[in-house]
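Numbering (this note's numbering), first residue to last: 106 to 405.
The beta-carbon is built from N, C-alpha and C at its ideal position, and this holds for glycine as well.
These figures come from a predicted structure and were not determined experimentally.
Shown next, in the form of structure tokens:
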């Protein structure tokens, strides 16, 4: 029999991930701070819990995916947190992106009450969550990872064990450096092409398949030139990740000038009230500096 799963956090990423688990045959008990977000899953057969602790009580494996380190700490260790409901021998999987040091601390507190923990942040955006093609970076005990691998396979395609507690989170922060700088490179490419008078759709067709191609260029480039800034991954969440990257770099005495630049450009977006936009909106502050927009003509 498949393990029972508690799923906490039904946002842009969490809801489709939970749906994919249900499609794979897992029985879910879900919790979301805004209860209305759980109604769609309840209509499809999920049970709805009144607290994270209650979701964990009903589950063999409890998955969390929420916004930031304090949110995970509250969900895990708060008055109605997972730690108060999870049974000894059960597993907690945190798929949020948070501080590696906080992850190690939470894992130690759960282990003290007999509960195992994996940190398993994801990348691939909303599209990957919907399609079940996420990349998942996992930290924790390897035997626990092996036991949970079928659960990960219901949500992702590229699942890589990274090592002990916090290593999944550290790998995700490395990933966010790549995401940040490839989005920046896509934006600068399109700005130069636009200023020089190129057809931006033809430019994208030419460069996306070459040595400079990237996921960001292929998937976000077309949205940039259409002025489509709907979020697959919001600026404010990407910015939260960059703060974690730069905090870790500071602890290690490491300079990451490219990442710091993207952090500052996102600061400009947030200062303009655009933190809710998708991270492809990184092109907007560059356009303001340049005094023109990289857009294709709108179709009638």
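Name the residue from the options whose alpha carbon lies nearest to the alpha carbon of residue i.
i: residue 237; options: 395, 377, 366 and 124; result: 124
i: residue 221; options: 146, 228, 235 and 244; result: 244
i: residue 317; options: 355, 267, 291 and 198; result: 291
i: residue 259; options: 172, 386, 126 and 116; result: 126
i: residue 336; options: 392, 229, 160 and 148; result: 229
i: residue 262; options: 233, 330 and 329; result: 233
i: residue 161; options: 113, 142 and 146; result: 113
i: residue 231; options: 350, 339, 366 and 396; result: 339
i: residue 386; options: 152, 374 and 396; result: 374
i: residue 345; options: 195, 285 and 158; result: 285
i: residue 354; options: 246, 204, 184 and 117; result: 204
i: residue 352; options: 184, 294 and 279; result: 279
i: residue 132; options: 382, 146, 327 and 139; result: 146
i: residue 118; options: 301, 380, 142 and 294; result: 142
i: residue 138; options: 153, 128 and 379; result: 153
i: residue 300; options: 314, 256, 310 and 330; result: 330
i: residue 235; options: 110, 128, 319 and 328; result: 128
i: residue 388; options: 144, 366 and 312; result: 366
i: residue 213; options: 294, 182 and 319; result: 182
i: residue 239; options: 149, 319, 140 and 257; result: 257
Here's the rule: buried if 16 or more other CB atoms are within 10 angstroms of the residue's CB, otherwise exposed. What is residue i?
i: residue 208; result: buried
i: residue 307; result: exposed
i: residue 377; result: exposed
i: residue 371; result: buried
i: residue 397; result: exposed
i: residue 265; result: exposed
i: residue 106; result: exposed
i: residue 394; result: exposed
i: residue 121; result: buried
i: residue 314; result: exposed
i: residue 380; result: buried
i: residue 311; result: exposed
i: residue 357; result: exposed
i: residue 130; result: exposed
i: residue 359; result: exposed
i: residue 111; result: buried
i: residue 151; result: buried
Determine the DSSP secondary structure at residue i, reduced to helix, strand or coil.
i: residue 257; result: helix
i: residue 199; result: strand
i: residue 152; result: strand
i: residue 142; result: helix
i: residue 403; result: coil
i: residue 106; result: coil
i: residue 384; result: helix
i: residue 228; result: strand
i: residue 204; result: coil
i: residue 115; result: coil
i: residue 219; result: coil
i: residue 246; result: coil
i: residue 137; result: coil
i: residue 268; result: strand
Give a yes or no on whether the C-beta atoms belonging to residue i and residue j are separated by under 8 Å.
i: residue 282; j: residue 361; result: yes
i: residue 277; j: residue 364; result: no
i: residue 391; j: residue 296; result: yes
i: residue 198; j: residue 168; result: yes
i: residue 273; j: residue 226; result: yes
i: residue 206; j: residue 271; result: yes
i: residue 400; j: residue 332; result: yes
i: residue 188; j: residue 166; result: no
i: residue 156; j: residue 134; result: no
i: residue 275; j: residue 322; result: no
i: residue 116; j: residue 158; result: no
i: residue 324; j: residue 347; result: no
i: residue 249; j: residue 196; result: yes
i: residue 326; j: residue 309; result: yes
i: residue 334; j: residue 298; result: no
Counting contacts by CB-CB distance shorter than 8 Å, is residue i in contact with chain C?
i: residue 256; result: Note that chain C does not occur in the displayed structure, where there is just one protein chain.
Using 7 Å as the cut-off, classify the Cβ of residue i as near or not near the heavy atoms of the ligand MN, replying yes or no.
i: residue 150; result: Ligands displayed in this structure: none; no statement on the ligand MN is therefore possible.
What are the uninterrupted segments assigned as beta strand (DSSP E) that are 3 or more residues long and contained completely in the segment 296-378, given in chain order? With a minimum length of 3 residues, there is no unbroken run of beta strand (DSSP E) contained wholly in the segment 296-378.
Would you list, in sequence order, the uninterrupted beta strand (DSSP E) runs of no fewer than 3 residues that lie entirely inside the segment 162-201? Within the segment 162-201, the complete beta strand (DSSP E) runs of at least 3 residues are 166-169 and 196-199.
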